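Notes follow once the structure below has been shown.
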Amino acid sequence: MSPQEILERLTAKFPDSAFGIEAKLDAPVDPFIKVSPQHIIEIAQFLRDDDELQFDFLSSLSGIDLKGKLGVVYHLSSLPKKHKIVLRVEVPTEAPEVQSVESVWKTANWHEREAFDLFGIRFTGHSDLRRILLPYDWEGYPLRKDYQVPEFYNGMKVPY
Amino acid sequence: MSEIITTPPVSSTGRTLRTEEMILNMGPQHPATHGVLRLELVVDGEIVVDVIPHIGYLHRCFEKHCEHMTNYQQVIPYTDRMDYVASMTNEFGFVVAAERLLKIQVPERVDYIRVIMAEFQRIASHLIAIGTYGIDIGAFTPFLYCFRDREKILDLFEMTCGARLLYNYMWVGGLSHDVPPDFIPKAKEFCTYFKPNIKELNDLLTYNEIFVKRTANVGVLPADVAINYGCSGPMLRGSGVDWDLRRDDPYSVYHKFDWDVCVGKGEMGTVGDCWDRHIVRAREMEQSVRIIEQALEQIPEGDVHAAIPKRIRPNPGEVYARIESPRGELGYYIVSDGSATPYRIKARSPAFSNLSVINEISKGAMIADMVAIAGSIDIVLGEVDR
Chain A
1 MSPQEILERL TAKFPDSAFG IEAKLDAPVD PFIKVSPQHI IEIAQFLRDD DELQFDFLSS
61 LSGIDLKGKL GVVYHLSSLP KKHKIVLRVE VPTEAPEVQS VESVWKTANW HEREAFDLFG
121 IRFTGHSDLR RILLPYDWEG YPLRKDYQVP EFYNGMKVPY
Chain B
1001 MSEIITTPPV SSTGRTLRTE EMILNMGPQH PATHGVLRLE LVVDGEIVVD VIPHIGYLHR
1061 CFEKHCEHMT NYQQVIPYTD RMDYVASMTN EFGFVVAAER LLKIQVPERV DYIRVIMAEF
1121 QRIASHLIAI GTYGIDIGAF TPFLYCFRDR EKILDLFEMT CGARLLYNYM WVGGLSHDVP
1181 PDFIPKAKEF CTYFKPNIKE LNDLLTYNEI FVKRTANVGV LPADVAINYG CSGPMLRGSG
1241 VDWDLRRDDP YSVYHKFDWD VCVGKGEMGT VGDCWDRHIV RAREMEQSVR IIEQALEQIP
1301 EGDVHAAIPK RIRPNPGEVY ARIESPRGEL GYYIVSDGSA TPYRIKARSP AFSNLSVINE
1361 ISKGAMIADM VAIAGSIDIV LGEVDR
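As you go down the protein sequences, you meet chains A and B in turn. Using our numbering, count along the first sequence one by one with no gaps and you end on 160. Using our numbering, count along the second sequence one by one with no gaps and you end on 1386.
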């Protein structure tokens, strides 16, 4: 299915504007569909279980700093149908809360921990939201654009 | 897989012994974890109840570094250092993504050379995987056979770009330089030499009684669990899922070659056990040789640089491109804001997702089997931690 058909199927199922479905199909290179962070789990569930869509494989889940907003980008693909789609949610930097999709795709567990670790995005409903790549006592979220490299780590001067 | 034993052990005098769960650390300095991985095992006697992996010991801030580059070409040496036993495929993934973002088409000769290099790299990487897996299980000799053959591939790489491990060979829009004139005959010579060695390696290790006993029916990963956990590459194919990005989401010139996707069939035990993952790697080496032989026959003449500006400034936009690395789906998510500095680069590394399933497949296994399970995932910590 083309991104256009996937979008049509999605809007037919979720016509309410609360789901915030908005597509950038004319975006250069990769088109993506924006959805509401409060409803991502229902949409994810539908995308996985629908017979026509069958998005059973979450390739990648990445955080992104959109200057003032934080985003989460989901790259989905379907093994039986061989099509792909990109979903995106956007949340304000002050209150970055997104529903966790761990219950739909288990691989999201580690990917969401990574997005939490590097961007400070909080995934509600996540079973084990700890830092994954950085030390457990690290302060701050390094991939945010306004991140300042700390001068000290545990009382030790960080040489630069 | 062994069942969790719930009845406590009884001494020879008939006294019931008290059992308790305890925590055992495997790694970060442990030869069987293939790098700096720490597995926190919750064990009940010899039986593993829970596995909590701790990663990040080799985190080198790849994504943060990329945001401070002044040119897309500068990212390539960093990609080399992610999966340091398969650097060529890492570069390949990045240049495919960057070229898709820039909407440029590279000359055909470049694509052929890239495929040849990537397949040689796959053989070299699988040789390491198989050799070290043998050591994990207790077979030392196959390791030496594997490294002998891998050296010959590294010689070919050295002849091409001067480096044996970290190449910086594939550039956005082409290659650093063309292959030397005697590369093609030498590569053909290697293929002829290597084909019988795969059989020899299988006789020595794959069908060895002890090896089969240690790996068959151990760490069984069912297909639906593998898909749900985002496993890819030999890990997914070992579970019987017929999925290979070289065929199912084609990039470069893979559609021009005739080859087969190898899947695990549970020949020695259950579909998706450690032995199946191993045999998929062994058979993929044969298929890689097939691809290389065809590519060497068909390779066209021509230039190895596409006409691209010296300073690359892609239009604002984003791209996610994925390739089949020796370990699975290697994806690069690149966001450009129109400047020469990448706005955001994320590497989706296959070993990261593959490792996340370890808890699921090792519950109820013996501690000794943990070594077999961890080895069969074929992780490279440089890529897990990036």
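Cβ atoms here follow ideal geometry from the backbone N, Cα and C, with glycine treated the same way. The model shown is predicted, which means the values in this text are computed figures rather than measured ones.
- Item | Same chain only: Cβ atoms within 7 Å of D1149 of chain B, ignoring 5 sequence neighbours per side | What you label residue 1149 of chain B is simply residue 149 of the second sequence in a count that begins at 1. Once the five neighbours on either side are set aside, the close Cβ partners of D1149 of chain B are L1127, F1194 and N1197.
- Tell me, please, whether the CB atom of K106 of chain A is closer than 8 Å to any CB atom in chain B? For the purposes of this step, residue 106 of chain A is taken as the residue at position 106 of the first sequence. Answer yes: the Cβ-Cβ gap between K106 of chain A and chain B drops below 8 Å somewhere.
- Message: Let me make sure I understand the geometry here. Which of B:E1284, B:K1103, B:S1011 and B:P1028 has the alpha-carbon closest to that of V1172 of chain B?
- Response: Along the second sequence, one-based indexing puts residue 1172 of chain B at 172. Out of B:E1284, B:K1103, B:S1011 and B:P1028, the CA that lies nearest to the CA of V1172 of chain B is found in B:K1103.
- Item | Members of the segment 1338-1354 of chain B that neighbour chain A once the beta carbon cut-off is set at 8 Å | Along the segment 1338-1354 of chain B, going in chain order, the ones with a CB nearer than 8 Å to a CB of chain A are R1344, K1346, R1348, F1352 and S1353.
- Whose C-alpha, out of B:V1304, B:C1146 and B:D1369, is nearest the C-alpha of H1177 of chain B? Sequence index remark: in the second sequence, residue 1177 of chain B carries index 177 (1-based). Ranked by how close their Cα comes to the Cα of H1177 of chain B, the residues B:V1304, B:C1146 and B:D1369 have B:V1304 in first place.
- Message: Bridge partners for L1175 of chain B per DSSP, in chain order?
- Response: On the second sequence, position 175 is the one that residue 1175 of chain B refers to. Residue pairing for L1175 of chain B: DSSP places it in a beta bridge opposite B:M1170.
- Determine whether the Cβ of I1227 of chain B lies closer than 8 Å to any Cβ atom of chain A. Locating residue 1227 of chain B in the second sequence gives position 227, where the first residue counts as 1. Interface residue, yes.
- Query: Do Y1320 of chain B and D30 of chain A come within 8 Å of each other at the CB atom, strictly closer than that value?
  - Reply: Sequence index remark: in the first sequence, residue 30 of chain A carries index 30 (1-based). Sequence index remark: in the second sequence, residue 1320 of chain B carries index 320 (1-based). Taking the C-beta atoms as reference points, Y1320 of chain B is found nearer than 8 Å to D30 of chain A.
- Along the chain, where does the beta strand (DSSP E) that runs through Y1133 of chain B open and close? Sequence index remark: in the second sequence, residue 1133 of chain B carries index 133 (1-based). Premise fails: Y1133 of chain B lies in the alpha helix (DSSP H), E1108 to I1137, not in any beta strand (DSSP E).
- Message: Rounding to the nearest angstrom, what Cα-Cα distance links T1215 of chain B and P1142 of chain B in this structure?
- Response: Sequence index remark: in the second sequence, residue 1215 of chain B carries index 215 (1-based). Sequence index remark: in the second sequence, residue 1142 of chain B carries index 142 (1-based). If you take the alpha carbons of T1215 of chain B and P1142 of chain B, they lie about 16 Å apart.
- Task: Report all residues from its chain with a CB closer than 6 Å to the CB of K81 of chain A; omit the five preceding and five following residues, and keep chain order.
- Result: In the first sequence, the residue the question calls residue 81 of chain A occupies position 81. Residues Q54 of the same chain have their beta carbon placed closer than 6 Å to that of K81 of chain A, with the five preceding and five following residues left out of the count.
- Which residues of chain A have a Cβ atom closer than 8 Å to the Cβ of V1051 of chain B, listed in chain order? Working through the second sequence from its first residue, we reach residue 1051 of chain B at position 51. Neighbours of V1051 of chain B across chain A, judged by C-beta separation under 8 Å, do not exist; the nearest C-beta is about 13 Å away.
- Query: What's the C-alpha gap between F1120 of chain B and M1235 of chain B?
  - Reply: Here residue 1120 of chain B refers to the residue found at position 120 when the second sequence is read from its first residue. Here residue 1235 of chain B refers to the residue found at position 235 when the second sequence is read from its first residue. When rounded, the separation of the alpha-carbon atoms in F1120 of chain B and M1235 of chain B is 20 Å.
- For the segment 75-102 of chain A, which residues have a beta carbon sitting closer than 7 Å to at least one beta carbon of chain B? Within the segment 75-102 of chain A, the residues whose Cβ lies closer than 7 Å to some Cβ of chain B are H75, L79, K82 and V86, listed in chain order.
- Query: CB-CB under 7 Å to P1350 of chain B, same chain, minus the five flanking residues each way: which ones, in chain order?
  - Reply: Within the second sequence, the letter at position 350 stands for residue 1350 of chain B. Correct list, in chain order: S1232, G1233, S1325, R1327, G1328, E1329 and L1330.
- Message: Buried or exposed for Y1207 of chain B, going by 16 or more other Cβ atoms inside 10 Å?
- Response: As a position in the second sequence, residue 1207 of chain B is number 207, starting the count at 1. Counting of Cβ neighbours within 10 angstroms places Y1207 of chain B among the exposed residues, the total staying below 16.
- Message: Along the chain, where does the beta strand (DSSP E) containing A1347 of chain B start, and where does it finish?
- Response: The residue you call residue 1347 of chain B lines up with position 347 of the second sequence. R1344 to R1348 is the extent of the beta strand (DSSP E) around A1347 of chain B.
- Message: Does Q1298 of chain B pass the burial test, meaning 16 or more other C-beta atoms within 10 Å, or should it be called exposed?
- Response: Locating residue 1298 of chain B in the second sequence gives position 298, counting from the first residue. Exposed, since its Cβ has fewer than 16 Cβ neighbours within 10 Å.
- Item | Through-space distance from Q1287 of chain B to Y1078 of chain B, alpha-carbon basis | Counting from one through the second sequence, the residue named residue 1078 of chain B turns up at place 78. Counting from one through the second sequence, the residue named residue 1287 of chain B turns up at place 287. When the Cα atoms are used, Y1078 of chain B and Q1287 of chain B turn out to be separated by approximately 29 Å.
- Drop a sphere of 10 angstroms on the beta-carbon of E151 of chain A, count the other beta-carbons inside from all chains shown, and report buried for 16 or more, exposed for fewer. By one-based count along the first sequence, residue 151 of chain A stands at place 151. E151 of chain A comes out exposed.
- Query: Can you tell me whether DSSP reads V53 of chain A as helix, strand or coil?
  - Reply: Numbered from its first residue, the first sequence carries residue 53 of chain A at position 53. Residue 53 of chain A is actually Leu in this sequence, not Val. Secondary structure at L53 of chain A: coil, using DSSP grouped into helix, strand and coil.
- Query: Three or more beta-carbon pairs under 8 Å between the segment 136-155 of chain A and the segment 1011-1018 of chain B, yes or no?
  - Reply: Touching, no.
- To the nearest angstrom, how far is it from the Cα of E1209 of chain B to the Cα of W1275 of chain B? In the second sequence, the residue the question calls residue 1209 of chain B occupies position 209. In the second sequence, the residue the question calls residue 1275 of chain B occupies position 275. The alpha-carbon of E1209 of chain B is positioned some 12 Å away from that of W1275 of chain B.
- Message: Tell me the residue span of the alpha helix (DSSP H) that contains F1194 of chain B.
- Response: Taking the first residue of the second sequence as 1, we reach residue 1194 of chain B at position 194. For F1194 of chain B, the uninterrupted alpha helix (DSSP H) segment begins and ends at F1183 to L1201.
- Nearest to P1222 of chain B by CA position, among B:V1049, B:A1124, B:D1273 and B:K1186, is which residue? Working through the second sequence from its first residue, we reach residue 1222 of chain B at position 222. It is B:D1273 whose Cα lies nearest to the Cα of P1222 of chain B.
- Query: Does the count of Cβ pairs from the segment 1260-1274 of chain B and the segment 1078-1087 of chain B closer than 8 Å reach three?
  - Reply: The segment 1260-1274 of chain B makes no contact with the segment 1078-1087 of chain B, as fewer than three CB pairs between them are under 8 Å.
- Query: Quick one: what's L61 of chain A bridged to in DSSP?
  - Reply: For the purposes of this step, residue 61 of chain A is identified with residue 61 of the first sequence, where counting begins at 1. L61 of chain A is bridged by DSSP to A:Y74.
- Counting along the chain, where does the beta strand (DSSP E) carrying P92 of chain A start and finish? Position 92 of the first sequence, counting from 1, holds the residue named residue 92 of chain A. Per DSSP, the continuous beta strand (DSSP E) segment holding P92 of chain A begins and ends at K84 to P92.
- Message: Determine, for V158 of chain A, whether the minimum Cβ-Cβ distance to residues of chain B falls below 8 Å.
- Response: Start at 1 with the first residue of the first sequence, and residue 158 of chain A comes out as number 158. Under the Cβ criterion of 8 Å, V158 of chain A is not counted among the residues facing chain B.
- Task: Inspect the beta-carbon positions of L133 of chain A and I1055 of chain B and report whether they are closer than 8 Å.
- Result: Position 133 of the first sequence, counted from the start, is the residue given in the question as residue 133 of chain A. Position 55 of the second sequence, counted from the start, is the residue given in the question as residue 1055 of chain B. Yes; because the gap between Cβ atoms is below 8 Å, this pair is in contact.
- Sufficient close CB pairs (3 or more, under 8 Å) joining the segment 55-64 of chain A to the segment 1335-1353 of chain B: Touching, yes, given that three or more Cβ pairs across the two stretches are closer than 8 Å.
- Whose C-alpha, out of A:D51, A:E42, A:V91 and A:Y74, is nearest the C-alpha of L66 of chain A? Translated into positions along the first sequence, residue 66 of chain A becomes position 66. Nearest C-alpha to L66 of chain A: A:V91.
- Task: Starting from Q99 of chain A, follow the beta strand (DSSP E) in both directions and report where the run begins and ends.
- Result: As a position in the first sequence, residue 99 of chain A is number 99, starting the count at 1. Per DSSP, Q99 of chain A belongs to the beta strand (DSSP E) from E97 to Q99.
- Quick one, which residues of the segment 1249-1273 of chain B are near chain A if we go by CB-CB under 9 Å, in chain order? Residues passing the 9 Å Cβ filter: D1249.
- D50 of chain A: which of A:G68, A:A12, A:V73 and A:K69 sits nearest, CA to CA? The count along the first sequence starts at 1 and reaches residue 50 of chain A at position 50. Between D50 of chain A and the set A:G68, A:A12, A:V73 and A:K69, the nearest pair of CA atoms involves A:A12.
- Check the Cβ-Cβ distances between E1046 of chain B and every residue of chain A, and say whether any is below 8 Å. Here residue 1046 of chain B refers to the residue found at position 46 of the second sequence. With its beta carbon at least 8 Å from every one in chain A, E1046 of chain B lies outside the interface.
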